[in-house]
Structure formats: C-alpha cells, structure tokens
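Respectively, the protein sequence lines represent chains A and B. Going by our numbering, the first sequence opens with residue 69, and the numbers climb by one from there. Going by our numbering, the second sequence opens with residue 83, and the numbers climb by one from there. Beneath this line is the structure, given in structure tokens, with notes to follow.
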Amino acid sequence: MSDIQTNGQNDAVERVVRNVLRDILGLSEDQVSGFDRDTELFGALPELDSMAVAGLLTEMEDRLDILIEDDEVDGELFENFGNLVDFARAKITA
Amino acid sequence: MNASYRFDGNDELCLRFGPDDAPRLLILPPLFDEANRVRHLMVEFARLLGDLGIASLLPDLPGCNESLVPLATASISLWQAALINCAEQLGPVTHVASLRGGALIDGALGDLPRWRLAPVKGGQLLRTMLRTRIASDREAGINSSSEALMETARTSGIELAGNSLSPCMVRELDSAAPSQSSAIRLVRFADDPLDADGRITGAPLWLRAEPAHDPAMAAAMAQDIAAWMRG
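Structure (structure tokens):
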C-alpha cells in the first residue's frame, strides 16, 4: 500500500503519475501500486534514462494538462516518487 | 509481401499484407523514435488484418526505417506527397489507419475514412525531442533552452535525439495537428480519460524505454479496424 497522503482530486494526480511511469517503463500494475513516497526513481530504475525522462514529462503535461518549463526539471524532481507527485500537484493548483 | 514504391527518384519499401482483390487499408505508424518501438506491433497487426480478409499497405516514409534517403530531406508535406505516390502505385487505397503522429499525415489521400489510435500533435513530438537534446546538452555542460533551440531550428534545422530535422520539418511539425474530418473513428485505451469513439485494451508501447510487443493489443486493433471497415 502507498503511504502517500491523498484526498479527493489529488488521488487522481497520483494515479496519473503512476500510470505514466507504468507506461514509460513497462512496469506492471502491481509494481507501480507498490511505489511510495520514498521509492527511488532516477538512478534506481535503469530504464529511466534521459530519453525516458523526456517522454515522461511530455506525457505528464498531456495527461494533467500542465506545462513544465525547462528550468523546473532537475535531478531532485526524479529523486523519488514523492517529489514527482508533489511537483505534479503543485503545477495543477498553480 | 515486400513491395516498393517509387518516389523522388528512390525506391521506398512497402510491406503488403492480405488478399490482392480486397479493399486496401493504408497503415501509418507513429513518427520518429516512436515508430521504432512499435515496429513489431505494426507488422503483427497488419498480418492479423490479412487473416481477417483485409489487405493493407505499410509503407516506409522517406528518411525512415529502411529508406536510403536522409531524414534531413524529409518534411510533413514531403511525406504526404510520398503517400500519394505509394497509393497510386500500390493502391487503390480505400481506408487509412494511423497511430499517434501518423494522424498528422493521414489526410494525404483526401477525405478517406480514417481510423486513429491515440493521435498526437506535432508540437508534442517536437517537445519530447527537444527535452532529450536539452538533457544531453546539460550532460555536456551546455545550458540550452527550448526557445533558443527552436529559434535556431526554424532557420537552420536541428539534430534532436538522433534525428536530423530540416527547417521545413521543424516548422511543419511544430504547427501540425490531426486534420478534421467527418469520417474518423477515434480509438483510445480503456484507461484514457479523453473522448473516443472506441476503446481497446493495451498499452502505449510507443512510449516504452525498452521496445516491447503486445499480441493481445495487435489483435484488438485488427478486430476493431476490420469491424469498422465492414461498416
């Protein structure tokens, strides 16, 4: 089970981020359901190279209807699942 | 099964499937890297369509797959011109099916009935390629931005994620969107929240970091298209 605190619409954001990771990395539903805040991403998942990151950002933009600027993308964003979900939520409420 | 069509002084590969005397479906794969990731899926689903009695053409676009032409000479309008030649030489084509960016060129043959799976705008494809370029620039210690890269690209062309894009390609791709028509069947995945005329079970294999195949999805695509073509 996920430790991520969720409520209402934010549940949907977290679900979208999980689905994008599932689709880009070819993970199973069970694998992405097991992701929690501290699940490491960049460096821990060998498939997540710079090409995959580029696709991931564009898919997040498309599915969440947000715009991600070049300078918002840094190593910290992909450090763990929690950071990525927090970022997506902040973009939606911005 | 292997055929070719002549375009601009070159022979371009075109795979043919199914019976010779049946209505012919033109199949357009996704564009750029996305096409490489779904090659297996495309061939498999065309073969399955053949088993269902539907003939199809799966042409190489100039500059892509086996084509000997440099990608740097290609553009959206050039690809559309190539499709017209392909249909004239290997058709007649009665229907068109596309995945993703293939929808950006599916109006080449006029207002034929069109099937689209998860169509995408050209700007989105360009954005993803720009991001890989920015990431590799960063690793090389160069600080680049989308705006600056696009400004150069529009006038001098650009190399993005291993693709040499001409200024013409950059400009056309940036503004390309799937064209409107009354005869479109829009298909999406079951878990996609966007509107669609039909849903199939599967996964966006064109996004995968590692290429994969999904036989069940190929079958679902073939069945949906066969039912649509038979009206």
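The beta-carbon is built from N, C-alpha and C at its ideal position, and this holds for glycine as well. Quick caveat: nothing in here was measured; it's all calculated off a predicted structure.
Alpha helix (DSSP H) segment containing residue i, residue limits
{"i": "A:G123", "result": "118-132"}
{"i": "A:V153", "result": "149-161"}
Limits of the beta strand (DSSP E) - the one that residue i falls within
{"i": "B:R312", "result": "Run containing B:R312: none; DSSP gives neither H nor E here."}
{"i": "B:G280", "result": "280-282"}
{"i": "B:F202", "result": "What sits at residue 202 of chain B in the sequence shown is Val, not Phe. Counting along the chain, B:V202 falls outside any beta strand (DSSP E), and DSSP gives it neither H nor E."}
{"i": "B:D93", "result": "92-99"}
{"i": "B:F89", "result": "84-89"}
{"i": "B:F271", "result": "266-271"}
{"i": "B:A291", "result": "Segment: none, B:A291 is in no beta strand (DSSP E) and carries neither H nor E."}
{"i": "B:M177", "result": "Going by the sequence as given, residue 177 of chain B is His instead of Met. Note, B:H177: beta strand (DSSP E), 175-181."}
Burial state of residue i, where buried means 16 or more other Cβ atoms lie within 10 Å
{"i": "B:P319", "result": "Because chain B in this structure spans residues 83 to 313, residue 319 of chain B falls outside the shown range and cannot be described."}
{"i": "B:G100", "result": "buried"}
{"i": "A:P114", "result": "exposed"}
{"i": "B:P174", "result": "exposed"}
{"i": "B:P275", "result": "exposed"}
{"i": "B:I307", "result": "buried"}
{"i": "A:L152", "result": "buried"}
{"i": "B:T237", "result": "exposed"}
{"i": "B:R312", "result": "exposed"}
{"i": "A:T161", "result": "exposed"}
{"i": "A:N148", "result": "buried"}
heavy atom of the ligand ZN below 7 Å from residue i C-beta
{"i": "B:Q162", "result": "For the structure depicted, the ligand ZN is absent and the ligand set is empty, with no information on it obtainable."}
Beta-carbon separation (whole angstroms), residue i vs residue j, contact threshold 8 Å
{"i": "B:R196", "j": "B:I266", "result": "5 Å"}
{"i": "B:L134", "j": "B:L107", "result": "At roughly 11 Å, the Cβ-Cβ gap does not stay under 8 Å, so B:L134 and B:L107 are not in contact."}
{"i": "B:R88", "j": "B:Q171", "result": "7 Å"}
{"i": "B:L140", "j": "B:A156", "result": "Not confirmed; about 18 Å, so no contact."}
{"i": "A:M103", "j": "A:R86", "result": "Residue identity differs from the one stated: residue 103 of chain A is Phe in this sequence, not Met. Sure, about 6 Å apart at Cβ, within 8 Å."}
{"i": "A:I136", "j": "A:E127", "result": "That belief does not hold up - the Cβ atoms of A:I136 and A:E127 are roughly 11 Å apart, past 8 Å."}
Chain E residues whose Cβ lies nearer than 8 Å to that of residue i
{"i": "B:D273", "result": "Although the question refers to chain E, the structure presented lacks it and instead comprises the protein chains A and B."}
### Query
What are the start and end residues of each continuous beta strand (DSSP E) run of 3 or more residues lying completely inside the stretch 101-160 of chain B, in chain order?
106-110, 137-141
### Task
Ignoring anything shorter than 3 residues or poking outside the stretch 216-264 of chain B, list the beta strand (DSSP E) runs there in chain order.
240-242, 245-247
### Task
Report the residue ranges of all alpha helix (DSSP H) runs contained in full by the stretch 82-109 of chain A; include only those spanning at least 4 residues, in chain order.
97-101
### Task
With 7 Å as the C-beta to C-beta threshold (strictly closer), list the residues of the stretch 123-142 of chain A near chain B in chain order.
G123, L125, T126, E127, D130, D138
### Message
Beta carbons nearer than 9 Å to chain B: which residues of the stretch 87-105 of chain A have them?
### Response
N87, V88, R90, D91, I92, L93, G94
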